[in-house]
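Just below is one structure, and these are the notes that go with it.
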Amino acid sequence: MNPVLLFVGLLVLAYLGSILVGGRAIRGYGLPSGAEYVLLGLLLGPHVLGVLTRDTLTAFQPLSLVAIGWLALVVGLDYGFVGDRRLRPRVVIGTIGVTLLSAAITAAAAWFAARRWLGLGGAELWQFAAAAAVVTCETTRHAARWVSERYGAAGPLTNLMADLGDADDLVPLVLLAALFAVVAAPNLSYPLPWPAWAAITLALGAVLGGACAALLGQTLRSGEVWALLLGAALLGMGLATRLRFSGMSVLFALGLVLALSSPHRAVLRRMLVTTERPVLLPALVLAGAHVQLEASLEWALVIGALLVTRLGCKALSAALLATVSPAARRGGPLMALSLMPAGALTLSMGLAFALAFPGKMGSLVLAIAVATALLGEIVGPGALRRALSRAGEIAPAGSAEIAPPPAETAPSSEVVAS
Amino acid sequence: MSAATASAKGLALRTAQVAGLLLVFALMIVAIRLAPQPYGTPTTIAAVGFLLLGGLLTSALCEIVGLPHLTGYLLAGVLAGPHVLQLIEHDTVEQLSLVNTLALALIALAGGAELHAGTLKRLLRSLAWNNWTQAGLVLLATGAVFYTFSGPLVFGDALGWRGLLAASALWGVLAISRSPSATLAILSQTRARGPLTTFSLAFVMSSDVIVILTLALTMVFARPLMDPSASLSFEELGALGHEIVGSVALGTTIGLILAAYLRLIGSQLLLVLIALGFGVTEGLRYLHFDPLLTFLVAGFVVQNLSNQGEKLLHAIEETGSVVFVVFFATAGAHLDLPLLRAMWPAALALAAVRAVTTIIAHRVGSRLARDEPVVQRWGWASLVSQAGLTLGLSVVIERSFPALGTAFRSLVIATVALNEVLGPVLFKLALDRSRETQARPSLLPGPP
Numbered sequence: 001m002n003p004v005l006l007f008v009g010l011l012v013l014a015y016l017g018s019i020l021v022g023g024r025a026i027r028g029y030g031l032p033s034g035a036e037y038v039l040l041g042l043l044l045g046p047h048v049l050g051v052l053t054r055d056t057l058t059a060f061q062p063l064s065l066v067a068i069g070w071l072a073l074v075v076g077l078d079y080g081f082v083g084d085r086r087l088r089p090r091v092v093i094g095t096i097g098v099t100l101l102s103a104a105i106t107a108a109a110a111w112f113a114a115r116r117w118l119g120l121g122g123a124e125l126w127q128f129a130a131a132a133a134v135v136t137c138e139t140t141r142h143a144a145r146w147v148s149e150r151y152g153a154a155g156p157l158t159n160l161m162a163d164l165g166d167a168d169d170l171v172p173l174v175l176l177a178a179l180f181a182v183v184a185a186p187n188l189s190y191p192l193p194w195p196a197w198a199a200i201t202l203a204l205g206a207v208l209g210g211a212c213a214a215l216l217g218q219t220l221r222s223g224e225v226w227a228l229l230l231g232a233a234l235l236g237m238g239l240a241t242r243l244r245f246s247g248m249s250v251l252f253a254l255g256l257v258l259a260l261s262s263p264h265r266a267v268l269r270r271m272l273v274t275t276e277r278p279v280l281l282p283a284l285v286l287a288g289a290h291v292q293l294e295a296s297l298e299w300a301l302v303i304g305a306l307l308v309t310r311l312g313c314k315a316l317s318a319a320l321l322a323t324v325s326p327a328a329r330r331g332g333p334l335m336a337l338s339l340m341p342a343g344a345l346t347l348s349m350g351l352a353f354a355l356a357f358p359g360k361m362g363s364l365v366l367a368i369a370v371a372t373a374l375l376g377e378i379v380g381p382g383a384l385r386r387a388l389s390r391a392g393e394i395a396p397a398g399s400a401e402i403a404p405p406p407a408e409t410a411p412s413s414e415v416v417a418s
Numbered sequence: 419m420s421a422a423t424a425s426a427k428g429l430a431l432r433t434a435q436v437a438g439l440l441l442v443f444a445l446m447i448v449a450i451r452l453a454p455q456p457y458g459t460p461t462t463i464a465a466v467g468f469l470l471l472g473g474l475l476t477s478a479l480c481e482i483v484g485l486p487h488l489t490g491y492l493l494a495g496v497l498a499g500p501h502v503l504q505l506i507e508h509d510t511v512e513q514l515s516l517v518n519t520l521a522l523a524l525i526a527l528a529g530g531a532e533l534h535a536g537t538l539k540r541l542l543r544s545l546a547w548n549n550w551t552q553a554g555l556v557l558l559a560t561g562a563v564f565y566t567f568s569g570p571l572v573f574g575d576a577l578g579w580r581g582l583l584a585a586s587a588l589w590g591v592l593a594i595s596r597s598p599s600a601t602l603a604i605l606s607q608t609r610a611r612g613p614l615t616t617f618s619l620a621f622v623m624s625s626d627v628i629v630i631l632t633l634a635l636t637m638v639f640a641r642p643l644m645d646p647s648a649s650l651s652f653e654e655l656g657a658l659g660h661e662i663v664g665s666v667a668l669g670t671t672i673g674l675i676l677a678a679y680l681r682l683i684g685s686q687l688l689l690v691l692i693a694l695g696f697g698v699t700e701g702l703r704y705l706h707f708d709p710l711l712t713f714l715v716a717g718f719v720v721q722n723l724s725n726q727g728e729k730l731l732h733a734i735e736e737t738g739s740v741v742f743v744v745f746f747a748t749a750g751a752h753l754d755l756p757l758l759r760a761m762w763p764a765a766l767a768l769a770a771v772r773a774v775t776t777i778i779a780h781r782v783g784s785r786l787a788r789d790e791p792v793v794q795r796w797g798w799a800s801l802v803s804q805a806g807l808t809l810g811l812s813v814v815i816e817r818s819f820p821a822l823g824t825a826f827r828s829l830v831i832a833t834v835a836l837n838e839v840l841g842p843v844l845f846k847l848a849l850d851r852s853r854e855t856q857a858r859p860s861l862l863p864g865p866p
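Protein sequences, first through last, are from chains R and E.
Letter by letter, the first sequence follows residues 1 to 418 of this note's numbering.
Letter by letter, the second sequence follows residues 419 to 866 of this note's numbering.
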């Protein structure tokens with residue numbers, strides 16, 4: 001396929017994405033995980049219709065990297081906030097702890113499954129286990145937002161689910177930094193242990209974020225803000241790619257530090273949130289096209305084992321949550337399934353891994369990410385809706401109206417002067 | 419805010435800019451030291467990011483000494499490019515040339531949208547006289563100097579007098595080409611308004627069409643001079659007619675569609691402009707139409723056949739604030755410094771002759787047209803810059819006349835390098851002196 005035509009096609013998708021963000025009337029439609037775009041990519045990819053060939057995908061690799069990096073930047077800038085509401089520190093710390101526990105359990109399951117069914121060993125086995133944990137530990141931020149936008153849900157449990165979806169993003173992105181650092185360390189000309197390189201990965205993003213905040217100063221000029229943010233994001237992603245660091249982790253740190261140190265956090269957040277969907281849809285299509293359908297029984301067993309483990313981890317998380325949160329108790333037993341949705345971040349991390357480690361292991365990690373997102377899509381939103389209904393946070397059918405758009409997806413015209 | 423507070427904040431921002439620039443260079447240098455052989459292909463990502471940040475920060479520092487932003491972009495590219503610090507490799511610079519496609523489309527669209535039919539009508543006499551004197555005097559004078567001095571130095575006796583005459587005529591045509599991109603970039607930065615601004619825009623844009631026509635005509639006559647066995651053929655003029663008519667027709671259609679989109683929907687203009695820049699340009703290449711002319715006409719149609727011109731210009735300005743930095747910084751990285759070092763005496767002489775004759779021709783044309791005093795005095799300043807258009811035309815000449823070899827194009831590149839660096843500085847100076855530049859207002863951030 002002519003690369004220019006593909007590029008224009010991706011721009012059309014980005015255009016559709018921007019309509020999904022901008023138009024209130026159709027907000028809340030589509031799937032929260034964006035799985036339909038992954039399936040579209042799979043359909044167009046080299047394994048089904050062949051519209052997107054392997055050469056085309058290679059040519060578009062920089063675009064894929066920039067798109068997933070940009071998503072991480074938006075996640076970083078938005079981290080710790082739901083709309084304009086700041087998350088309580090104990091919610092953040094608690095969520096990080098539970099997510100780390102989930103990641104550890106999943107990594108252990110992946111380790112045993114891969115050793116038994118794939119015959120992996122040594123460093124490769126550890127890397128696979130860590131990567132599997134990274135792409136199965138988070139709950140997407142979009143699930144709670146989707147249900148609240150579509151069904152007008154509002155209340156403590158809705159807020160709690162939104163908080164959990166936001167706060168757990170830090171864990172996989174930091175783990176990703178460590179995972180990439182392990183692989184990068186031996187290839188770099190200056191010998192340092194991998195934890196140091198992992199710290200440097202995050203420090204690179206932090207330095208760029210701090211520099212952006214300092215350069216933005218007290219006044220904002222529209223064109224310069226975009227040039228500065230785009231320049232910093234591309235430089236961060238480009239340097240990370242050169243060094244084999246995790247670009248997503250670099251840009252997450254960039255966004256996080258920028259949000260913490262700039263007086264313009266709210267304005268910047270609103271500017272960038274409007275770009276998330278337009279950037280995301282083309283990235284999901286490209287992620288889908290990268291999925292390999294050379295699945296074997298062994299792959300199916302490993303993926304199945306990890307999905308079951310994820311379900312178990314989410315059940316454990318829901319049980320822990322119920323002990324500390326009355327709102328979670330009101331959601332009842334469906335809370336475990338409500339935590340299952342995974343989405344753009346999981347798929348992006350799967351794609352990042354597949355691009356950085358081409359071959360069977362990269363493909364399998366991407367396949368796990370896609371399977372996680374699909375299963376989450378099937379069971380998650382419905383369970384969440386019922387849990388919220390049970391908690392009395394969704395009005396009965398017939399009396400509900402579409403809720404007004406929440407602050408985090410407000411149109412850009414609301415951006416105010418600084 | 420008191421003056422002291424404002425001054426302290428200004429100093430803090432300048433300090434941050436210097437520190438930011440050093441940081442950006444340091445990060446690139448350290449990364450290259452740590453991983454001399456990059457893993458995978460996407461070295462372009464870091465290069466674009468570096469040029470964007472480096473260009474932006476260098477331009478902010480250039481502002482302190484009154485230099486245009488464009489000079490800062492070029493400087494950042496030159497410093498980082500393959501001939502100085504080697505932070506960006508030659509192959510990467512070539513890959514970044516893709517940005518040119520989008521930048522040139524935006525430049526032409528903006529150029530067309532800046533042309534008001536009423537203004538053109540009012541300036542018709544001025545444009546006619548100035549184009550006539552520029553095309554006549556500059557072409558003849560620079561051609562004559564090339565024939566007498568530079569040509570023999572570069573080619574020796576290889577071409578013979580007839581071939582040298584043809585090469586001189588082609589050189590003369592290149593000498594009357596300008597840089598619409600540099601003109602627009604300076605005007606975008608300074609937000610200048612006034613007679614000099616209006617004249618410069620209208621002249622540079624209209625002279626593009628004249629240059630394209632003159633080159634086609636010159637090539638018709640140069641071919642039998644260069645190759646005695648070739649006969650005079652007007653085939654190229656026929657092809658040119660097809661190209662011009664097709665470009666104008668398609669440009670009008672695109673302009674009408676764009677105007678309708680702006681009126682009926684008017685959102686997500688960034689995506690629309692990028693799709694237009696890449697998608698339509700690809701189609702135009704297939705059809706052998708001229709992208710510059712097509713987008714120029716499209717912009718002109720939007721401005722003059724609808725009331726959406728300002729909206730289009732604003733969208734281009736927002737998009738261009740990113741694209742133009744990369745475009746000019748890439749141009750800086752592309753500057754062939756070793757070649758310039760080798761050819762500087764000939765290039766400097768030719769650039770000087772071109773500049774002097776441009777000034778004289780402008781003074782003559784402007785007096786004959788009875789232009790306003792400020793235009794008579796400073797109107798030449800926007801005509802010195804040369805960049806992508808001239809280089810593009812030199813590629814056409816090189817392909818059409820292989821006998822000229824690479825020496826001709828090398829001389830073009832060296833001369834353009836000088837004009838590219840000096841031209842914008844002169845134009846900014848002229849706008850400042852004529853008091854047409856405006857202070858930049860603080861803007862609300864919004865998606866581009």
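Backbone N, C-alpha and C define an ideal beta-carbon position, used for all residues, glycine too.
List the endpoints of the continuous alpha helix (DSSP H) containing E/LEU503.
Walking along the second sequence from the start, residue 503 of chain E turns up at place 85. Careful: E/LEU503 lies outside any alpha helix (DSSP H) and carries neither H nor E.
Counting only the same chain and skipping the five closest in sequence on each side, list residues whose C-beta sits under 6 Å from that of R/GLY23.
Your numbering for residue 23 of chain R matches position 23 in the first sequence. The pLDDT assigned to R/GLY23 is 45, lower than 50, so where the model puts this residue is not dependable, and the model offers no usable value.
Establish whether the CB of R/GLY22 and some CB of chain E are separated by less than 8 Å.
Taking the first sequence and counting its residues from 1, one reaches residue 22 of chain R at position 22. For R/GLY22, the predicted structure reports a pLDDT of 48, less than 50, and the residue's modelled location is therefore unreliable. The matter cannot be settled from this model.
According to DSSP, is R/VAL51 helix, strand or coil?
As a working mapping, residue 51 of chain R is identified with position 51 in the first sequence. If DSSP states are grouped into helix, strand and coil, R/VAL51 belongs with coil.
I'd like to check one pair, R/LEU272 with R/VAL74: are the Cβ atoms closer than 8 Å?
One-based indexing of the first sequence puts residue 74 of chain R at position 74. One-based indexing of the first sequence puts residue 272 of chain R at position 272. Contact: yes.
Kindly say whether E/GLU700, judged by its beta-carbon, lies nearer than 8 Å to any beta-carbon of chain R.
Here the question's residue 700 of chain E lines up with position 282 in the second sequence. Chain R, which has a Cβ nearer than 8 Å to the Cβ of E/GLU700, makes this yes.
Would you call the region 349-368 of chain R in contact with the region 148-156 of chain R, where contact means no fewer than 3 C-beta pairs closer than 8 Å?
These segments do not touch.
Any beta-carbon of chain R closer than 8 Å to the one on E/VAL466?
As a first step, residue 466 of chain E is located in the second sequence; it is residue number 48 there, counting from the start. It does: the Cβ of E/VAL466 has a partner Cβ on chain R nearer than 8 Å.
If we define contact as Cβ-Cβ less than 8 Å, is E/SER739 a contact residue for chain R?
In the second sequence, counting from the first residue as 1, residue 739 of chain E sits at position 321. Chain R, which has a Cβ nearer than 8 Å to the Cβ of E/SER739, makes this yes.
Report the option in E/THR519, E/ARG543, E/VAL483 and E/GLY428 whose CA atom is closest to the CA atom of E/ARG785.
Translated into the one-based positions of the second sequence, residue 785 of chain E becomes position 367. Taking only the C-alpha atoms, the option nearest E/ARG785 is E/ARG543.
When the distance is taken between beta carbons, is E/PRO598 closer than 8 Å to E/LEU807?
Position 389 of the second sequence holds residue 807 of chain E. Position 180 of the second sequence holds residue 598 of chain E. Contact flag set, yes.
Using a cut-off of 8 Å between C-beta atoms, extract the partners of E/ALA449 located in chain R.
Reading the second sequence from its first residue, position 31 is the one you call residue 449 of chain E. Ordered by position in chain R, the residues that pass the 8 Å Cβ test against E/ALA449 are LEU239, ARG242 and LEU243.
Verify the contact flag: R/LEU316, CB atom, against every heavy atom of the ligand GDP, threshold strictly below 7 Å.
Of ligands this structure carries none, so the ligand GDP is not represented either.
Whose C-beta lies closer than 8 Å to the C-beta of R/GLY217 among residues of the same chain, with five residues either side of it excluded?
Position 217 of the first sequence, counted from the start, is the residue given in the question as residue 217 of chain R. Contacts found: none.
Here's the rule I'm using: 16 or more other beta-carbon atoms within 10 Å means buried, otherwise exposed. How should E/ALA648 be labelled?
In the second sequence, counting from the first residue as 1, residue 648 of chain E sits at position 230. So E/ALA648 counts as exposed.
On the DSSP letters alone, give me the boundaries of the alpha helix (DSSP H) that R/CYS212 sits inside.
For this step, residue 212 of chain R is matched to residue 212 along the first sequence. Counting along the chain, the alpha helix (DSSP H) containing R/CYS212 begins and ends at 194-216.
Count the C-beta pairs between the region 105-117 of chain R and the region 379-394 of chain R that are closer than 8 Å, then say yes if the count reaches three, no if not.
In short, these stretches do not touch, since the Cβ pair count stays below three.
Which same chain residues, not among the five before or five after R/GLU298, have their C-beta less than 8 Å away from its C-beta?
Here the question's residue 298 of chain R lines up with position 298 in the first sequence. So the qualifying residues of the chain are TRP117 and LEU118.
Tell me whether the region 837-855 of chain E and the region 601-620 of chain E touch, counting them as touching only if at least three CB pairs, one residue from each stretch, are closer than 8 Å.
Yes: the two stretches touch, three or more of their Cβ pairs being nearer than 8 Å.
Count the other CB atoms, across all protein chains shown, that sit within 10 Å of the CB of R/LEU6; report buried if there are 16 or more and exposed otherwise.
Position 6 of the first sequence, counting from 1, holds the residue named residue 6 of chain R. Buried, by the Cβ-count rule.
Residues of the region 29-55 of chain R with a CB closer than 7 Å to any CB of chain E: list them in chain order, please.
Answer in chain order: no residues at all.
Taking beta-carbon pairs under 7 Å, can you tell me which members of the region 671-702 of chain E lie near chain R?
Cβ contacts with chain R: SER685, GLN686, LEU689, ILE692, ALA693, PHE696, GLY697 and GLU700.
Give a yes or no on whether 8 Å exceeds the smallest Cβ distance from R/SER296 to chain E.
Here the question's residue 296 of chain R lines up with position 296 in the first sequence. Chain E contact via Cβ: absent.
Give me the residue from R/THR346, R/LEU337 and R/TRP226 with the minimum Cα distance to R/ILE378.
Working through the first sequence from its first residue, we reach residue 378 of chain R at position 378. With distances taken between Cα atoms, R/ILE378 lies closest to R/LEU337.
How far does the alpha helix (DSSP H) with R/TRP117 in it extend, from its first residue to its last?
Your numbering for residue 117 of chain R matches position 117 in the first sequence. Note, R/TRP117: premise wrong, no alpha helix (DSSP H); not H, not E.
What do you reckon, are the CB atoms on R/GLU373 and R/ALA129 nearer than 8 Å?
In the first sequence, the residue the question calls residue 373 of chain R occupies position 373. In the first sequence, the residue the question calls residue 129 of chain R occupies position 129. Position check: residue 373 of chain R holds Ala in this sequence, whereas Glu was assumed. No; because the gap between Cβ atoms is not below 8 Å, this pair is not in contact.
Let me know if R/THR241 comes out buried or exposed under the rule of 16 or more other beta-carbons within 10 Å of its beta-carbon.
For the purposes of this step, residue 241 of chain R is taken as the residue at position 241 of the first sequence. Result: buried.
Since R/VAL82 sits in a beta bridge, which residues does DSSP pair it with?
One-based indexing of the first sequence puts residue 82 of chain R at position 82. Paired residues: R/ARG85.
For the region 51-81 of chain R, enumerate the residues whose C-beta is nearer than 8 Å to any C-beta of chain E, in chain order.
Residues THR58, GLN61, PRO62, LEU65 and VAL66.
Could you please give the first and the last residue of the uninterrupted alpha helix (DSSP H) stretch that includes E/THR776?
One-based indexing of the second sequence puts residue 776 of chain E at position 358. 755-786 is the extent of the alpha helix (DSSP H) around E/THR776.
If we define contact as Cβ-Cβ less than 8 Å, is R/GLY350 a contact residue for chain E?
Walking along the first sequence from the start, residue 350 of chain R turns up at place 350. Output row for R/GLY350: interface = no.
Using CA atoms only, rank isn't needed, just tell me which of E/ARG641, E/ALA531, E/GLY467 and E/THR476 is closest to E/GLY717.
Residue numbering aside, residue 717 of chain E sits at position 299 when the second sequence is read from its first letter. Comparing Cα-Cα distances from E/GLY717 to each of E/ARG641, E/ALA531, E/GLY467 and E/THR476, the minimum goes to E/ALA531.
Who are the near neighbours of R/MET237 in its chain, counting only those whose CB is closer than 8 Å to its CB and skipping five residues on each side?
The residue given as residue 237 of chain R occupies position 237 in the first sequence. The residues are LEU65, VAL66, GLY69, GLY247, VAL250 and LEU251.
If the criterion is Cβ atoms closer than 8 Å, does the pair R/ALA203 and R/TRP194 meet it?
The residue labelled residue 203 of chain R in the question sits at position 203 within the first sequence. The residue labelled residue 194 of chain R in the question sits at position 194 within the first sequence. Contact flag unset, no.
Quick one: give me the first and last residue of the alpha helix (DSSP H) that R/TYR151 is part of.
By 1-based counting over the first sequence, the position of residue 151 of chain R is 151. Looking at the DSSP string, the run of the alpha helix (DSSP H) that includes R/TYR151 is 141-151.
Give a yes or no on whether the C-beta atoms belonging to E/GLY669 and E/LEU714 are separated by under 8 Å.
Sequence index remark: in the second sequence, residue 669 of chain E carries index 251 (1-based). Sequence index remark: in the second sequence, residue 714 of chain E carries index 296 (1-based). Against a cut-off of 8 Å, the Cβ pair of E/LEU714 and E/GLY669 comes out as a contact.
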